[in-house]
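Protein chains: 2
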Amino acid sequence: MASLLGRLCLPHVPGVGWARCAPGGPCLSQARLCSAGAFVQSVPPQEEADSKVSAQKKTFSELQVERSEQAQRTVLINCPANINEKAFLKYLSHHGKINDHYFYESLGTYAVVEFSEKESIASLQDVTRTPYVEKECTIPFKSRIFTLSLKNPVTQGADRPSVHYHKQSTILCKDLLQKLCRADNVSNQLYTLMDECQLTEENTKLRFLACSLIQDIARAYFPDSTVQPFGSSVNSFGKLGCDLDMLLDLGEIGRSPIRTNTGPFYVEYQMKKVPLERTATQRILSVIGDCIDNFGPGAMGVQKILNARCPLVKFSHQPTGFQCDLTVSNRAAIRCSELLYIYGSLDSRVRALVFSIRCWARVHGITSSIPGSWITNFSLTMMALFFLQKRTPPIIPTLDQLKALADAEDKHIINGNDCTFASNLKKIKPTENTETLHVLLNDFFEYFGNFAFNKNSINIRKGKEQNKPDSSPLYIHNPFEQGLNISKNVNQIQVERFVALARECSWILQKKDKSQSSLCNKKPWGLAALLQPSIAKSSLKNKKQLALASERMQSLLDSLKINSAKRE
Amino acid sequence: MASLLGRLCLPHVPGVGWARCAPGGPCLSQARLCSAGAFVQSVPPQEEADSKVSAQKKTFSELQVERSEQAQRTVLINCPANINEKAFLKYLSHHGKINDHYFYESLGTYAVVEFSEKESIASLQDVTRTPYVEKECTIPFKSRIFTLSLKNPVTQGADRPSVHYHKQSTILCKDLLQKLCRADNVSNQLYTLMDECQLTEENTKLRFLACSLIQDIARAYFPDSTVQPFGSSVNSFGKLGCDLDMLLDLGEIGRSPIRTNTGPFYVEYQMKKVPLERTATQRILSVIGDCIDNFGPGAMGVQKILNARCPLVKFSHQPTGFQCDLTVSNRAAIRCSELLYIYGSLDSRVRALVFSIRCWARVHGITSSIPGSWITNFSLTMMALFFLQKRTPPIIPTLDQLKALADAEDKHIINGNDCTFASNLKKIKPTENTETLHVLLNDFFEYFGNFAFNKNSINIRKGKEQNKPDSSPLYIHNPFEQGLNISKNVNQIQVERFVALARECSWILQKKDKSQSSLCNKKPWGLAALLQPSIAKSSLKNKKQLALASERMQSLLDSLKINSAKRE
């Protein structure tokens, strides 16, 4: 419990760099947790106090702007594996002050270098050559992705220890299980899982850089456009290796321009006109997709899916290793990312619980990377948030409560839907609930193991069960479009599997007593036990027993009906 | 004759603005002619002497650079037809000094405005709005094409006389014939035709502007690229309304970069690689074609013809009214444009003769806008140049003579072909030949009416007939690739038609005596007579007579052979 209270929770806030507080230390009163371990190294101790304050003040959009600006001052450099880090930094600092840098591996060694000034990039570009390959031809598009090579590979690279690589993917499953078994208690197992799976500061920076590189391509024709990450990359629930959702905002499409008031004339640009915003979106995405495909270094497997409800371009960005989805102007999606970010930032138990439940669901095939009738990560997150709203006292507020806290500037009506909620974290009172994650995880399984999915819907706006508006097996209200079910795709079989597994896991958590959770126990315990694939089998057995029982019940009812009919 | 000698010939050289010299005036010794009537208005008298000198010094490439630079400072503005020119200029001069402007009509009233500084465009763009159209959507690509509207159309535009429009197309055929009939003599008829058909200074500027607008699109991704006009737009033989051939030069494709020598590393851009320069060309043209199609205001009917020998993108540029062909890196084509420019600049009789012959060929269906077995304008021009090389004394030098005059910097070897010739006009001694255009036109028809097309080829490099390397009905050596026949497409029927018409026209010119060439004569005379469609019919009749005669000759020969065979 002590270590649970001893953390502050602010996922990936730049400049936030304090370590976990000592158990029972001065943070005790705050009941919030921090797990961004990667930060600890990058911020010098003397800056901690200040950045803690300023980071806490920052809203989601301030953070987005700050990170985007940072990304525009950043370059990506493919280096020899045996690079001398010191010489490398010395060489680059001829072009300007370096704020930050790190190395990672992705089809070679890459360095992310953040300059202090944008001008440094132009200076570097001035000395950069177009590659010349015998019998091949290059498309001379000049981006911020460079290849650095040694003038004298033999002497320069001799016996050099390789640089430290920052991880860009999650730990192997068996290693994770081992780590979990070494934890003190179930609650810390959940934190350990989150620490291993969540996006690192470096990976988040890389995501903003990838967006910024695509933004360069879009800005060639639309200088007012921006490309920003949304979804799991920024909503604080993303795990390492998750897809990178990019949003292209053209800034001006369909918006009424300001009339300037000089002289007797109006001047307008002559522009192509199309009958629908959708057509404009499709055309622009199509051309930008072609530019990415034909010019963008390292962009592979570009697929244009322009006739989808939300037209998109998919591609794999090899230098950063991200699978990217580029869409146009979807402001509601950005608001949704912000809402999750707020929930994730209010109390660290939120993210720890959601990470663990998602991991558990993935192991047992409740969620899937293939579209289909499976429950999605987004639906699971909504279920977890709903569960946390229903605790006594609640751990997080309902969306309606967040809306009540909103300022005038928080007001957002998008396509007629009210997307208003408070953006300022300071306005939201911390919870007084002190339940452990062990309790919460167990109760989550118990709650949904017994949830009346057949008649009730889940709605984080209200924070209470409602009657289902239709007969969908699983009904979760879209937080901003209340009439939409975000889990319309889910079929009855999947709901039943989820319920059976939840019951099985609740049973396992309660069954295993404290004695089993000691270190060096050979059998996996706690969360690790729940992540064993064998559970699915036993839950299925239980399900079969349930099915048999319900069959028997049905025949009983039928016979009763027959008997009563005979009597009439 | 006097008026023939009284002109100086420098087609469309910026800053050249003197009117025709008086007959027998001070220009008499120069035996060259000027017809750029449009210039006279735009250059103030005191600048004439200087610009005459500087313009004469300018080479083709200096001119291209100067005009391209001019075009980059120029904007295109769609105005209300009843615009007040003074108010318009006053309004625009808020953004900077205006060097030049003019109006023309093309689906509305357009103004071409050349600022003195490039920055003025940015200033104008600052006050320019994105158009907002109810129920339509615009592609927010910001170009240098604007729409200007009156804030108060009723009071501002009331009873205003419309501005002066510069012509962008040739005179109607019947009007041309009338004008020709009003000329003093046949020679002046040829000059009149050239004056009416040739590109004006304004139209040439508009062509460079159209290229510059496409260059903006290309430079978005390839900042070192240029888009330049080539072919008839700049070779001094273009007529109003001719297609605009554009050449995209990416600057770097396939060229070895310079190695910069700083520190222990090399830095290169990471770039897409393709196996062939052709593939690179196709990809780049394809994407730029899509950009023009989807973003470029006023670009219509974009067609990508990427599998042609020389991949190209065709489109119609509505604001300028040009039909454009965009190709990539064809340096030989640029050299060819320069060669024609030099020939056209050496002696005004060259252009006057070529314009008249082309017009004559078009009227009689010898050339056609549809590809096929017709003789092309380029072939006709080569024939005329060849004819002028064969006069005594020659009016223009052979290509080998021009090569002999070349400097080290004139040396151009393109794909193994020698494209070397002197670029500096001052090095080429003016001709001493003083024949009139009347004589030249007549002799042209006579010469080619009797040319041994069956055994001889035409080669402007040598300036003399050669044995045909193959049996093509018409063989004209490509000036730079001597082994290629530029008229390979032409079939025997077309050559026969050309010969028959040439003979008929030579006969008409000789038959009509001076008395017929008086003013107010009802029957067309001289060149006008040659442009009557009825000639084709009578030439055909002559051809029939010829055919009959040759048939008779053949039977005679056959009978002789039979007789001799009998004797053996």
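Protein chains in written order, with this note's numbering: chain A, 1 to 568; chain B, 1001 to 1568.
Idealized CB from N, CA, C, for every residue including glycine.
Only a predicted model underlies this, so the values are computations on that prediction, with no experimental measurement involved.
_Which same chain residues end up closer than 6 Å to Y1475(B) when comparing Cβ atoms and leaving out the 5 residues on each side of it in sequence?_
As a first step, residue 1475(B) must be located in the second sequence, where it is residue number 475. The residues are S1457, K1468 and N1485.
*In whole angstroms, what is the alpha-carbon distance linking A1067(B) and F1208(B)?*
As a working mapping, residue 1067(B) is identified with position 67 in the second sequence. As a working mapping, residue 1208(B) is identified with position 208 in the second sequence. Here residue 1067(B) is Arg; the residue named in the question, Ala, does not match the sequence. Between the alpha carbons of R1067(B) and F1208(B) lies a gap of roughly 7 Å.
*Answer yes if the segment 310–325 of chain A comes into contact with the segment 1309–1317 of chain B, meaning at least three C-beta pairs across the two stretches below 8 Å, and no otherwise.*
When Cβ pairs closer than 8 Å are counted between the two stretches, the segment 1309–1317 of chain B is seen not to touch the segment 310–325 of chain A, the count staying below three.
_Taking the beta carbon of T1398(B) as the centre, do at least 16 other beta carbons fall within 10 Å, making it buried, or is it exposed?_
Here residue 1398(B) is taken as the residue at index 398 of the second sequence, counted from 1. Buried.
*Host alpha helix (DSSP H) of V186(A) (start-end)*: Sequence index remark: in the first sequence, residue 186(A) carries index 186 (1-based). Where V186(A) is concerned, the enclosing alpha helix (DSSP H) stretches over V186 to C197.
*Could you spell out the range, first to last residue, of the beta strand (DSSP E) harbouring V1302(B)?*
Your numbering for residue 1302(B) matches position 302 in the second sequence. It spans A1299 to I1305 - the beta strand (DSSP E) in which V1302(B) sits, taken as one unbroken run.
_For a quick check, are the C-beta atoms of F1237(B) and R1351(B) less than 8 Å apart?_
Residue 1237(B) sits at position 237 when you count from the first residue of the second sequence. Residue 1351(B) sits at position 351 when you count from the first residue of the second sequence. Pairing F1237(B) with R1351(B) gives a Cβ-Cβ distance under 8 Å.
_So the candidates are G1096(B), V1302(B) and S1379(B); which of them puts its Cα closest to the Cα of Q1494(B)?_
Locating residue 1494(B) in the second sequence gives position 494, counting from the first residue. For Q1494(B), the closest of G1096(B), V1302(B) and S1379(B) by C-alpha to C-alpha distance is S1379(B).
*N1078(B) touches chain A at which residues, Cβ-Cβ below 8 Å?*
Residue numbering aside, residue 1078(B) sits at position 78 when the second sequence is read from its first letter. Identification of chain A residues near N1078(B) by a Cβ-Cβ cut-off of 8 Å yields Q270, ordered along the chain.
*Report whether the distance from the Cβ of N1433(B) to the nearest heavy atom of the ligand COA is below 7 Å.*
As far as ligands go, the structure on display features none, and thus does not contain the ligand COA.
*Please confirm if the segment 1423–1434 of chain B is in contact with the segment 1168–1175 of chain B, defined as three or more CB-CB distances below 8 Å between the two stretches.*
The segment 1423–1434 of chain B is not in contact with the segment 1168–1175 of chain B.
_Short-range partners of chain A found in the segment 1308–1342 of chain B, where Cβ spacing is below 8 Å_ = The residues in question are P1319.
*Grouping DSSP H, G and I as helix and E and B as strand, with all else coil, what is R1391(B)?*
Taking the first residue of the second sequence as 1, we reach residue 1391(B) at position 391. Note: R1391(B) maps to coil in three-state DSSP.
*asked:* Does the CB of N1377(B) have a neighbour CB from chain A at under 8 Å?
replied: Locating residue 1377(B) in the second sequence gives position 377, counting from the first residue. So no, N1377(B) is outside the interface.
*Reduced DSSP category for S51(A) - H, G, I as helix; E, B as strand; rest coil*: Numbered from 1 along the first sequence, position 51 holds the residue referred to as residue 51(A). Note that S51(A) has pLDDT 33, beneath the 50 cutoff, so the model's placement of it is unreliable and the number below is only indicative. Reduced to three states, the DSSP call for S51(A) is helix.
*With 8 Å as the threshold, decide whether the Cβ of F295(A) is near any Cβ in chain B.*
Here residue 295(A) is taken as the residue at index 295 of the first sequence, counted from 1. It does; some Cβ of chain B falls within 8 Å.
*Would a C-beta distance cut-off of 8 Å place E202(A) and H166(A) closer than the cut-off?*
Position 202 of the first sequence, counting from 1, holds the residue named residue 202(A). Position 166 of the first sequence, counting from 1, holds the residue named residue 166(A). Yes.
*asked:* On a Cα-Cα basis, can you pick out the residue from L1206(B), A1361(B), K1090(B) and L1440(B) that is closest to L1385(B)?
replied: Along the second sequence, read from residue 1 onward, the residue named residue 1385(B) stands at position 385. The alpha carbon of L1385(B) has as its nearest neighbour, out of L1206(B), A1361(B), K1090(B) and L1440(B), the alpha carbon of L1440(B).
*F1386(B) CB to nearest chain A CB: under 8 Å?*
Here the question's residue 1386(B) lines up with position 386 in the second sequence. The C-beta of F1386(B) comes no closer than 8 Å to any C-beta of chain A.
*Classification of S1120(B) by the beta-carbon crowding that lies within 10 angstroms, buried from 16 upward*: Sequence index remark: in the second sequence, residue 1120(B) carries index 120 (1-based). Buried: at least 16 other Cβ atoms inside 10 Å.
*For S356(A) versus V234(A), is the C-beta distance shorter than 8 Å?*
The sequence position of residue 356(A) within the first sequence is 356, counting from 1. The sequence position of residue 234(A) within the first sequence is 234, counting from 1. With a cutoff of 8 Å on beta-carbon distance, S356(A) and V234(A) are scored as not near each other.
*Would you say V267(A) reaches chain B, if we count a Cβ-Cβ gap shorter than 8 Å as a contact?*
Within the first sequence, residue 267(A) is the residue found at index 267, counting from 1. With 8 Å as the cut-off, V267(A) counts as an interface residue toward chain B.
_Interface flag, F1115(B) vs chain A, CB-CB below 8 Å_ = For the purposes of this step, residue 1115(B) is taken as residue 115 along the second sequence, with counting starting at 1. By this cut-off, F1115(B) is not an interface position.
_Proximity of L437(A) and I396(A) at Cβ, strictly below 8 Å_ = Along the first sequence, one-based indexing puts residue 437(A) at 437. Along the first sequence, one-based indexing puts residue 396(A) at 396. Not closer than 8 Å, so no.
_Residue span of the alpha helix (DSSP H) that contains D1400(B), given as start and end_ = If you number the second sequence from 1, residue 1400(B) lands on position 400. Judged by DSSP secondary structure, D1400(B) falls within the alpha helix (DSSP H) whose first and last residues are L1399 to A1404.
*Would I1284(B) pass as a contact of L1306(B) if the rule is Cβ separation under 8 Å?*
Position 284 of the second sequence, counting from 1, holds the residue named residue 1284(B). Position 306 of the second sequence, counting from 1, holds the residue named residue 1306(B). L1306(B) sits away from I1284(B), with the two beta carbons spaced by 8 Å or more.
*Going by DSSP, name the residue or residues bridged to H1317(B).*
Taking the first residue of the second sequence as position 1, residue 1317(B) is located at position 317. H1317(B) pairs with A1299(B) and F1322(B).
*Select from F60(A), Q64(A), F141(A) and A87(A) the residue whose C-alpha is nearest the C-alpha of Y1221(B).*
Counting from 1 along the second sequence, the entry for residue 1221(B) is found at position 221. Out of F60(A), Q64(A), F141(A) and A87(A), F141(A) has the C-alpha closest to the C-alpha of Y1221(B).
*Note down, in chain order, each residue of its chain lying with its Cβ closer than 7 Å to the Cβ of Y343(A), except the 5 sequence neighbours on either side.*
To locate residue 343(A), count along the first sequence from 1; it is residue 343. If we look at Y343(A) and ignore the five residues flanking it on each side, its Cβ neighbours are V350, L385 and I396.
*Expressed to the nearest angstrom, what Euclidean distance is found between the alpha-carbon atoms of R278(A) and G449(A)?*
Taking the first residue of the first sequence as 1, we reach residue 278(A) at position 278. Taking the first residue of the first sequence as 1, we reach residue 449(A) at position 449. Going from the Cα of R278(A) to the Cα of G449(A) covers about 43 Å.
*asked:* Can you give me the C-alpha to C-alpha distance between L1353(B) and V1186(B), rounded to a whole angstrom?
replied: In the second sequence, counting from the first residue as 1, residue 1353(B) sits at position 353. In the second sequence, counting from the first residue as 1, residue 1186(B) sits at position 186. Going from the Cα of L1353(B) to the Cα of V1186(B) covers about 11 Å.
*Pull up the CB-CB distance for D1290(B) and V287(A), whole angstroms please, since I reckon it's below 8 Å.*
Within the second sequence, the letter at position 290 stands for residue 1290(B). Within the first sequence, the letter at position 287 stands for residue 287(A). Between the beta-carbon of D1290(B) and that of V287(A) there is about 5 Å, and that keeps the pair under the 8 Å contact cut.
*Hey, how far is the Cα of F265(A) from the Cα of F1088(B)?*
For this step, residue 265(A) is matched to residue 265 along the first sequence. For this step, residue 1088(B) is matched to residue 88 along the second sequence. Rounded to the nearest angstrom, the two C-alpha atoms are 8 Å apart.
*Do you know offhand how far L405(A)'s Cα is from I145(A)'s?*
The residue labelled residue 405(A) in the question sits at position 405 within the first sequence. The residue labelled residue 145(A) in the question sits at position 145 within the first sequence. Between L405(A) and I145(A), the C-alpha separation is close to 44 Å.
*Could you run through the segment 1454–1477 of chain B and flag, in chain order, every residue whose CB is less than 7 Å away from some CB of chain A?*
Answer set for the segment 1454–1477 of chain B: empty.
*Beta carbon of E114(A), beta carbon of I139(A): below 8 Å?*
Along the first sequence, one-based indexing puts residue 114(A) at 114. Along the first sequence, one-based indexing puts residue 139(A) at 139. The Cβ atoms of E114(A) and I139(A) lie no closer than 8 Å to each other.
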